[in-house]
Amino acid sequence: MRLVKSGQVVGDTFIRVADDAQIPDDRPVIIPAARLLADAEAILRRAAPTGVLWPNNRKVAELAAYLDRLALVALDFPKFRDGRAYSQARLLRETYGFRGELRATGDVLRDQFIFLLRAGFDAFEVKKDADAAAFAGEIARHTVFYQPTGDGRVAASRTRQGV
Amino acid sequence: MYVYDDLDRTLLTERVCEFRGQVARRLSGELTEEEFKPLRLMNGVYLQLHAYMLRIAIPYGTLSTAQLRMLAHIARRYDRGYGHFTTRQNIQFHWIKLEELPNAMADLASVGMHGMQTSGNNVRNITTDQWAGVAPDEIEDPRVWAELIRQHVTLHPEFSFMPRKFKIAVGSSSHDRAALRIHDMALRLHRDDAGELGFEVMVGGGLGRTPYLALTIKPFLNTRDVLSYVEAVLRTYNQFGRRDNIWKARIKILVHELGPEAFAKEVETEWQSIKDGALALDPAVVTEIGSRFRYPTYARLDDSPPELAQARAADRRFDTWVNNSVSNHKMPGYAIVTLSLKPEGGTPGDATAEQMDAIADLADRYSFGEVRVGHEQNLALPHVAQRDLPALWQALDAIGVATPTVGLVSDIIACPGLDYCSLANARSIPVAQEITRRFHDLDLARDLGRLHINISGCINACGHHHVGHIGILGVEKNGEEFYQITIGGRADEEARLGTLIGPAVPYAEVADVVEDIVEAYLELRVRPEEIFLETVERLGVEPFKERVYATR
Amino acid sequence: MTSPLDKKLKVKGPVLITANRLGDGAVIYRTNEGGWTTQFNRAAVVTTAPAAIELLDAAVADDVGAVGAYVAPVLLDGGKMRPGNLRERIRLAGPTIDLPQAAALPAERALSDGLMDRDVRL
Chain A
1 MRLVKSGQVV GDTFIRVADD AQIPDDRPVI IPAARLLADA EAILRRAAPT
51 GVLWPNNRKV AELAAYLDRL ALVALDFPKF RDGRAYSQAR LLRETYGFRG
101 ELRATGDVLR DQFIFLLRAG FDAFEVKKDA DAAAFAGEIA RHTVFYQPTG
151 DGRVAASRTR QGV
Chain B
1001 MYVYDDLDRT LLTERVCEFR GQVARRLSGE LTEEEFKPLR LMNGVYLQLH
1051 AYMLRIAIPY GTLSTAQLRM LAHIARRYDR GYGHFTTRQN IQFHWIKLEE
1101 LPNAMADLAS VGMHGMQTSG NNVRNITTDQ WAGVAPDEIE DPRVWAELIR
1151 QHVTLHPEFS FMPRKFKIAV GSSSHDRAAL RIHDMALRLH RDDAGELGFE
1201 VMVGGGLGRT PYLALTIKPF LNTRDVLSYV EAVLRTYNQF GRRDNIWKAR
1251 IKILVHELGP EAFAKEVETE WQSIKDGALA LDPAVVTEIG SRFRYPTYAR
1301 LDDSPPELAQ ARAADRRFDT WVNNSVSNHK MPGYAIVTLS LKPEGGTPGD
1351 ATAEQMDAIA DLADRYSFGE VRVGHEQNLA LPHVAQRDLP ALWQALDAIG
1401 VATPTVGLVS DIIACPGLDY CSLANARSIP VAQEITRRFH DLDLARDLGR
1451 LHINISGCIN ACGHHHVGHI GILGVEKNGE EFYQITIGGR ADEEARLGTL
1501 IGPAVPYAEV ADVVEDIVEA YLELRVRPEE IFLETVERLG VEPFKERVYA
1551 TR
Chain C
2001 MTSPLDKKLK VKGPVLITAN RLGDGAVIYR TNEGGWTTQF NRAAVVTTAP
2051 AAIELLDAAV ADDVGAVGAY VAPVLLDGGK MRPGNLRERI RLAGPTIDLP
2101 QAAALPAERA LSDGLMDRDV RL
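Chains as they are written, first to last, in this note's numbering: chain A, 1 to 163; chain B, 1001 to 1552; chain C, 2001 to 2122.
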């Protein structure tokens, strides 16, 4: 698995913390959702950045109150065909205004990169090394988009208006 | 019809290039079948019994002659010289090779055609009435709205991996020719009391193992809000539709499990938060899309020109065809002509490359270069001058698409069935063929009147058997083909699911059963004008059940 | 005729493994030599579930040679083998209806030994 951000393979500063493991004080961490919610106020007083791994079958509305204190939200694709996290991502970005790192995890493959990016993800735990290396090239293939999302790319309808 | 601009063309070109890369990675083994299958489905590529099948989208059933000629080319170059028009206004080719597909798709892209989203768990081809834009009872051409929605849902990043497929239909006449209520979402254009244009939104229709008719969740949606509302419905479905069981994954199950009010409320909450954002439709956007719909410059003509009446008096076959296959047009002096793809003994909905080319030539000459595809698996020429009907008929008759049985017993709707389809339990085409042979007598067919027979080779119901006046469903029992018969279904504005009349009958008896049903109808109808459907509605299924099963 | 992909593996008689060729979708059969053939009567035939599973696993692993491999029944009739159900007869011999140009099937698709059952009409 390779982490891709800004079109490049990068090292991961965050570490995953298991349900029962100690949360280190001074490292960026990604904590499972249930654990965070059980003790959110306390956990979020950490000085180091805190992230949450959110399952794809829970409403992101439950996270809304904490988003301003979360550095990262990781959403899950148990199989790439299970597209629930695309909606979660858009809600986090566009309805709840989340500005931190939005990371795609699980079965993250090359042919979904453009969809993931447009849905609001900006970090990708890519399953295959070859796919990670191909990220920038894959995105560059797509220049026309029919519909607007929160990613800022201009939709065709606006281009046609000369906007 | 809609004319592509550079943005539309670029999107297709990028897609073809992407698919070429995906096919190469599959052939080399870099992509497994599990990874590749959803990608090929997103481009309309199925694996069937004998070969790959390519389903090409015909948005809202409208084709230019350049496009129809390209379909003929695809049939000749990449397939076995014919294609099959489907119950969703698309076309299928049954003998495709994967390794040739990127080239086929490049050819299609050159005329603005593609197989995008004709399969897969995304939003499928948006269908309308095949008489859109020319029907006299229409409020406004629904195809502009269908095109706006089509663009919005094409390669939509959020809705490409939904629980299951999602089918949308748009209608705008009081008489529903688009089978709205069997769709996941239907949008019926109409005016409210203040004269405002808007949509009735219906959700949760669909046939298959658990058939449902769509329910109204919003009686009046302003046209300005159509994209945001569609978005809200899809977002609700994408998040909460079931993914644990393929037979429970359509939105109809979600609507019925939550209850329509609760479902509508869920959608409304989401919609309220997005309705005034980027998806609120700017009238300039609607105008721009509408401006790229080309309409004919109709001549000023009179209805019922004398040459037409003379030709009808002179040739009984021509007169029969006019009575059957020609329909009223909103413009005086013009007509809508249905081309039957249901010859006696033929495969319903099939056309050869030669027929496609010939029809394209005739469309150029007589229909301003435009052809339509109907969900009944017939074609139509939507802009024919009435004075041209005699010459047109001669030509249509010569190529075998003037069988005057449109809407009658032998105008059968049938899926490809076990002869082609890997999902099928039983064959449907030979059943249809035999029925057309039994009812080849045109006088009898006319006497029977409007009678819609729908045949599906499996429970997936691609033949829409649940909403046939007579529905026939192929099943398997102990390795043999059997068929369940339903009667009394209808797909129009008074949509209803048919009722099973009794135990399934074997393959060899299906045509006999249809004859028995028809005999019973002839005896039971109170007057010749009472069509079969009305007799069933009046009397119920009992008398038909008795007749069919008296000796079985 | 119910999609074989849905069935649990029960072997009640001779079976073979069949699939579609990746590049062109042609119907193919698994051979004893660990490859594929379009010729029906060169298919490997087994009679027990363990043997079928072994053959199937190898077939499924060949992701580049074939797509959608599954177990299909075979009839052994005298010294000859025939497809064991209507679906397999259709896959071998093509649709039971006339194609518009009576398109000829490729010669390599088992035309021998009367396997072209066209007696399934009304």
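The C-beta atom is built at its ideal place from N, Cα and C for all residues, glycine as well.
| Beta-carbon proximity list for residue 1311 of chain B, same chain, < 7 Å, skipping 5 on both sides | Position 311 of the second sequence holds residue 1311 of chain B. If the five residues before and after residue 1311 of chain B are omitted, its C-beta is found closer than 7 Å to the C-beta atoms of 1318 and 1390, all from its own chain and listed in chain order.
| field | Segment contact, 8 Å Cβ cut-off, at least three pairs: the stretch 1131-1143 of chain B with the stretch 1460-1469 of chain B | value | Output reads no: the stretch 1460-1469 of chain B does not touch the stretch 1131-1143 of chain B.
| field | Top-ranked residue by Cα proximity to residue 1450 of chain B, from B/1499, B/1531 and B/1444 | value | Counting from 1 along the second sequence, the entry for residue 1450 of chain B is found at position 450. Comparing Cα positions, the closest option is B/1531.
| query | On the three-state DSSP scale, how would you describe residue 1198 of chain B? | reply | Within the second sequence, numbered from 1, the residue matching residue 1198 of chain B stands at position 198. The three-state reading of DSSP puts residue 1198 of chain B in strand, counting E and B together.
| field | Residue(s) in a DSSP beta bridge with residue 1169 of chain B | value | As a working mapping, residue 1169 of chain B is identified with position 169 in the second sequence. Beta-bridge pairing by DSSP links residue 1169 of chain B to B/1127 and B/1186.
| message | Please report the distance separating the alpha-carbon of residue 1546 of chain B from that of residue 1520 of chain B. | response | In the second sequence, the residue the question calls residue 1546 of chain B occupies position 546. In the second sequence, the residue the question calls residue 1520 of chain B occupies position 520. So the two alpha carbons sit approximately 9 Å from each other.
| Span of the beta strand (DSSP E) around residue 2017 of chain C | If you number the third sequence from 1, residue 2017 of chain C lands on position 17. That run of the beta strand (DSSP E) goes 2015-2021.
| query | Is it right to say residue 1089 of chain B is buried, meaning 16 or more other beta carbons lie within 10 angstroms of its own, or is it exposed? | reply | Here residue 1089 of chain B corresponds to residue number 89 of the second sequence, with the count starting at 1. Buried, because 16 or more other Cβ atoms sit within 10 Å of the Cβ of residue 1089 of chain B.
| query | Going along chain C in order, which residues have a C-beta closer than 8 Å to the C-beta of residue 1051 of chain B? | reply | In the second sequence, the residue the question calls residue 1051 of chain B occupies position 51. Per Cβ cutoff of 8 Å: 2020, 2024, 2025 and 2026.
| query | Do you know how far the Cα of residue 1166 of chain B is from the Cα of residue 1067 of chain B? | reply | Mapped onto the second sequence, residue 1067 of chain B falls at position 67. Mapped onto the second sequence, residue 1166 of chain B falls at position 166. Between the alpha carbons of residue 1067 of chain B and residue 1166 of chain B lies a distance of about 25 Å.
| Which residues in the same chain have their Cβ closer than 7 Å to the Cβ of residue 144 of chain A, if we skip the five residues on either side of it in sequence? | Translated into the one-based positions of the first sequence, residue 144 of chain A becomes position 144. Around residue 144 of chain A, the same chain offers 156 as residues with beta carbons nearer than 7 Å, after the five sequence neighbours per side are excluded.
| said: Whole angstroms are fine: how far does the CA of residue 117 of chain A sit from the CA of residue 4 of chain A? | reply: Here residue 4 of chain A corresponds to residue number 4 of the first sequence, with the count starting at 1. Here residue 117 of chain A corresponds to residue number 117 of the first sequence, with the count starting at 1. When rounded, the distance between both Cα atoms is 11 Å.
| request: Can you give me the Cβ contacts of residue 1041 of chain B inside the same chain, cut-off strictly under 6 Å, excluding the 5 residues immediately before and after it? | output: Walking along the second sequence from the start, residue 1041 of chain B turns up at place 41. Once the five neighbours on either side are set aside, the close Cβ partners of residue 1041 of chain B are 1119 and 1120.
| task | Would you kindly work out how many angstroms separate the C-alpha atoms of residue 1440 of chain B and residue 1379 of chain B, rounded to a whole number? | result | The residue you call residue 1440 of chain B lines up with position 440 of the second sequence. The residue you call residue 1379 of chain B lines up with position 379 of the second sequence. Annotation: residue 1440 of chain B to residue 1379 of chain B spans about 21 Å, alpha carbon to alpha carbon.
| residue 1501 of chain B versus B/1285, B/1473, B/1431 and B/1326, residue with shortest Cα-Cα distance | In the second sequence, counting from the first residue as 1, residue 1501 of chain B sits at position 501. The residue with the shortest Cα to Cα distance from residue 1501 of chain B is B/1473.
| Using 8 Å as the threshold, is the stretch 1047-1064 of chain B in touch with the stretch 1144-1161 of chain B, meaning 3 or more CB pairs across them? | Judged by Cβ distances under 8 Å, the stretch 1047-1064 of chain B makes contact with the stretch 1144-1161 of chain B, as three or more pairs qualify.
| From what residue to what residue does the beta strand (DSSP E) around residue 1402 of chain B run? | Taking the second sequence and counting its residues from 1, one reaches residue 1402 of chain B at position 402. Following the DSSP letters along the chain, one finds residue 1402 of chain B in no beta strand (DSSP E), marked with neither H nor E.
| query | In the DSSP assignment, what residue or residues form a beta bridge with residue 1381 of chain B? | reply | Here residue 1381 of chain B refers to the residue found at position 381 of the second sequence. For residue 1381 of chain B, which the question treats as bridged, DSSP gives the partners B/1337.
| field | For residue 1074 of chain B and residue 2015 of chain C, the rounded distance between their alpha carbons | value | Walking along the third sequence from the start, residue 2015 of chain C turns up at place 15. Walking along the second sequence from the start, residue 1074 of chain B turns up at place 74. In a straight line, the C-alpha of residue 2015 of chain C is about 37 Å away from that of residue 1074 of chain B.
| Which stretch, first to last residue, makes up the beta strand (DSSP E) that contains residue 1454 of chain B? | As a first step, residue 1454 of chain B is located in the second sequence; it is residue number 454 there, counting from the start. Residue 1454 of chain B -> beta strand (DSSP E) spans 1453-1456.
| message | Give me, in chain order, the residues of the same chain whose beta-carbon lies closer than 7 Å to that of residue 1109 of chain B; leave out the 5 immediate sequence neighbours on both sides. | response | As a first step, residue 1109 of chain B must be located in the second sequence, where it is residue number 109. The beta carbon of residue 1109 of chain B sits closer than 7 Å to those of 1012, 1013 and 1016, all from its chain and outside the five residues before and after it, given in chain order.
| query | Hey, residue 2052 of chain C and residue 2027 of chain C: beta-carbon distance below 8 Å or not? | reply | Reading the third sequence from its first residue, position 52 is the one you call residue 2052 of chain C. Reading the third sequence from its first residue, position 27 is the one you call residue 2027 of chain C. No. Outside cutoff.
| said: Using a Cβ-Cβ distance cut-off of 8 Å, determine whether residue 105 of chain A contacts chain B. | reply: Along the first sequence, one-based indexing puts residue 105 of chain A at 105. Judged by the 8 Å Cβ criterion, residue 105 of chain A is not in contact with chain B.
| So which of B/1412, B/1078 and B/1356 has the shortest CA-CA distance to residue 1063 of chain B? | Walking along the second sequence from the start, residue 1063 of chain B turns up at place 63. Checked all of B/1412, B/1078 and B/1356; the closest Cα to residue 1063 of chain B is B/1356.
| Residues sharing a beta bridge with residue 1521 of chain B, DSSP | Locating residue 1521 of chain B in the second sequence gives position 521, where the first residue counts as 1. Its beta-bridge partners do not exist; DSSP assigns none.
| request: Just grab the DSSP bridge partners of residue 2 of chain A for me. | output: Counting from one through the first sequence, the residue named residue 2 of chain A turns up at place 2. Residue pairing for residue 2 of chain A: DSSP places it in a beta bridge opposite A/126.
| field | Whole-Å CB distance - residue 1429 of chain B paired with residue 2097 of chain C, under 8 Å assumed | value | Here residue 1429 of chain B refers to the residue found at position 429 when the second sequence is read from its first residue. Here residue 2097 of chain C refers to the residue found at position 97 when the third sequence is read from its first residue. Indeed they touch by this definition, with Cβ atoms about 5 Å apart.
| task | State the DSSP-derived secondary structure class of residue 2112 of chain C, mapped to helix, strand or coil. | result | Against the third sequence, residue 2112 of chain C aligns to sequence position 112. Reliability of the predicted coordinates at residue 2112 of chain C is poor, the pLDDT of 35 falling under 50, and no value is obtained from them.
| said: Measuring only the C-alpha atoms, how far is residue 1402 of chain B from residue 1323 of chain B? | reply: Against the second sequence, residue 1402 of chain B aligns to sequence position 402. Against the second sequence, residue 1323 of chain B aligns to sequence position 323. Their Cα atoms are separated by approximately 12 Å.
| task | Please confirm if residue 1162 of chain B has its CB atom under 8 Å from at least one CB of chain A. | result | Numbered from its first residue, the second sequence carries residue 1162 of chain B at position 162. By this cut-off, residue 1162 of chain B is an interface position.
| query | Which parts of the stretch 14-71 of chain A are runs of the alpha helix (DSSP H), unbroken and 4 residues or longer, counting only runs that do not cross its ends? | reply | Counting whole runs of 4 or more residues, the stretch 14-71 of chain A contains the alpha helix (DSSP H) stretches 33-38 and 40-43.
| query | I think residue 48 of chain A touches residue 28 of chain A, with their Cβ atoms under 8 Å apart; what is that distance to the nearest whole Å? | reply | Numbered from 1 along the first sequence, position 48 holds the residue referred to as residue 48 of chain A. Numbered from 1 along the first sequence, position 28 holds the residue referred to as residue 28 of chain A. In this structure residue 48 of chain A is in contact with residue 28 of chain A, their Cβ atoms being roughly 6 Å apart against a cut-off of 8 Å.
| field | Span of the beta strand (DSSP E), counted from its first residue to its last, around residue 1271 of chain B | value | As a working mapping, residue 1271 of chain B is identified with position 271 in the second sequence. It is not in any beta strand (DSSP E) - residue 1271 of chain B instead sits in the alpha helix (DSSP H) that spans 1260-1274.
| query | Looking at residue 38 of chain A and residue 54 of chain A, is the spacing between their C-beta atoms short of 8 Å? | reply | Within the first sequence, residue 54 of chain A is the residue found at index 54, counting from 1. Within the first sequence, residue 38 of chain A is the residue found at index 38, counting from 1. Not closer than 8 Å, so no.
| message | Assuming residue 1215 of chain B is part of the beta strand (DSSP E), what are its boundary residues? | response | As a working mapping, residue 1215 of chain B is identified with position 215 in the second sequence. 1215-1222 is the extent of the beta strand (DSSP E) around residue 1215 of chain B.
| field | Euclidean distance between Cα positions of residue 1248 of chain B and residue 83 of chain A | value | As a position in the second sequence, residue 1248 of chain B is number 248, starting the count at 1. As a position in the first sequence, residue 83 of chain A is number 83, starting the count at 1. Their backbone Cα atoms lie some 17 Å apart in a straight line.
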